[in-house]
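Student: In this note's numbering, the protein residues as written are 34 to 322.
Every residue gets a Cβ at the ideal spot worked out from N, C-alpha and C, and that includes glycine.
This structure is a prediction, so every number in the text was calculated from the model and none was measured.
#1: Going by alpha carbons, who is nearest to residue 146 out of 113, 136 and 173?
#2: Check whether the segment 266 to 273 touches the segment 195 to 208, taking contact to mean three or more Cβ pairs, one atom from each stretch, closer than 8 Å.
#3: Can you pull the DSSP bridge partners for residue 67?
#4: I want to check one thing, is the minimum distance from the CB of residue 139 to the heavy atoms of the ligand NAD below 7 Å?
#5: Applying the 10 Å Cβ sphere with the 16-neighbour rule, what's the burial state of residue 303?
#6: What does a CB cutoff of less than 8 Å around residue 224 pick up in its chain, not counting 5 residues either side in sequence?
#7: If you compare alpha carbons, which of 257, 41 and 295 is closest to residue 222?
#8: Below 8 Å on the Cβ atoms is my guess for residue 183 versus residue 300; work out the distance and round it to an integer in Å.
#9: Report the rounded CA-to-CA distance for residue 155 versus residue 128, giving the unit in angstroms.
#10: Please report the distance separating the alpha-carbon of residue 134 from that of residue 99.
#11: Does the structure place the segment 252 to 268 close enough to the segment 199 to 219 that three or more beta carbon pairs sit under 8 Å?
#12: Out of 213, 190 and 124, point me to the one whose CA is closest to residue 104's CA.
#13: Helix, strand or coil, according to DSSP, for residue 229 in the structure here?
#14: Taking only the alpha-carbon atoms, compute the straight-line gap between residue 140 and residue 75 and give it to the nearest angstrom.
#15: Determine, using beta carbons only, whether residue 309 and residue 190 come nearer to each other than 8 Å.
#16: Below 8 Å, can you find three or more Cβ-Cβ pairs linking the segment 291 to 298 to the segment 158 to 174?
#17: Run the CB neighbour count on residue 200, radius 10 Å, all protein chains shown included, and call it buried at 16 or more, exposed below.
#18: Taking residue 122 as the reference, which of 137, 65, 109 and 298 has the closest Cα?
#19: Given that a residue counts as buried once 16 or more other Cβ atoms are within 10 Å of its Cβ, and exposed if not, what is residue 217?
#20: Per the DSSP calculation, residue 81 is bridged to which residue(s)?
#21: For residue 143, I'd like the list of residues in its chain whose CB is within less than 6 Å of its CB, leaving aside the five on either flank, ordered along the chain.
#22: To which residues does DSSP link residue 272 through a beta bridge?
#23: Among the residues of its own chain, which have a CB less than 8 Å from the CB of residue 72, if the five just before and after it don't count?
#24: For residue 329, tell me which candidate among 267, 290 and 285 has the shortest Cα-Cα distance.
#25: Is it right to say residue 278 is buried, meaning 16 or more other beta carbons lie within 10 angstroms of its own, or is it exposed?
#26: Tell whether a beta-carbon distance below 8 Å holds between residue 243 and residue 214.
#27: Would you call the CB atoms of residue 50 and residue 86 closer than 8 Å?
#28: Please report the Cβ distance between residue 181 and residue 166, rounded to the nearest whole angstrom; I am assuming they are in contact, meaning their Cβ atoms lie under 8 Å.
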């Protein structure tokens, strides 16, 4: 097993192209291709689909997860021995609301670790566990309580969401005290954001097929879009409170949606990973209040 070949596989996945991997590794694109072919020959399997972007095959996902574990352990040994191999590679997946509202202390903690480099992937909490199973990340904030194979799970608490709207928008779509949910515009963070759909199913039993949906993939811009009336939305309660107090937004009702969160990470004898997990659990303590 050639460590350089494993590093090349990870570089292709992380940089999303053979050319990007070549630039990151300081080698030619042809050398990247040769290393991948050698790795595939060694395992007797195709490991990377030559698509745009290139993606690992199921066999490639298994090898990628192993490669990341090896890279972390190699880096820890190098740091312990005072070597200069490079940064400790810490890759995690976090949903956008968590990153914006409570994950900050994790960044501060990692900043004090020698040679640590943190790579954060923003992914919806319902899908972040997939990145763990694919070997893209070593830890993930997820709504999945069942452990991904080879991982351990720690409960973090729950994010609490409230349904809010600009007061004028809500007035325009309320008749006789009833909200016209099919006509009122709605926001969503991205194509995988189903919080508003879950709320609608709870309210009216279905999700209208033809409705005005605006997609705003930024936490700050999403909040602003709700404030100005581009659509109604579910916001974290702690984020919505200042706007509710100013009456810039109003509660559609007093009901909350709670999204339980968990930290899943590799089951690996790594002091760095243990410290990372402890930092995440500590940072998430506010979710319990």
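Tutor: Once the coordinates are examined:
#1: 113
#2: yes
#3: According to DSSP, which records beta bridges pairwise, residue 67 is partnered with nothing at all.
#4: Among the components of this structure there are no ligands whatsoever, and the ligand NAD is therefore not found.
#5: Answer is buried; the Cβ neighbour count reaches 16.
#6: 248
#7: 257
#8: 6 Å
#9: 5 Å
#10: 32 Å
#11: yes
#12: 124
#13: helix
#14: 38 Å
#15: No. Outside cutoff.
#16: Between the segment 291 to 298 and the segment 158 to 174 there are three or more C-beta pairs closer than 8 Å, enough to call the two in contact.
#17: exposed
#18: For residue 122, the nearest C-alpha among the options comes from 109.
#19: When all chains shown are included, residue 217 counts as buried.
#20: Answer is 89, bridged to residue 81.
#21: The residues are 149 and 151.
#22: According to DSSP, which records beta bridges pairwise, residue 272 is partnered with nothing at all.
#23: Only 35, 38, 39, 41, 42, 80 and 96 meet the Cβ criterion.
#24: Outside the modelled stretch of the chain, which goes from 34 to 322, sits residue 329, for which no answer is possible.
#25: Classification for residue 278: exposed.
#26: no
#27: yes
#28: 5 Å
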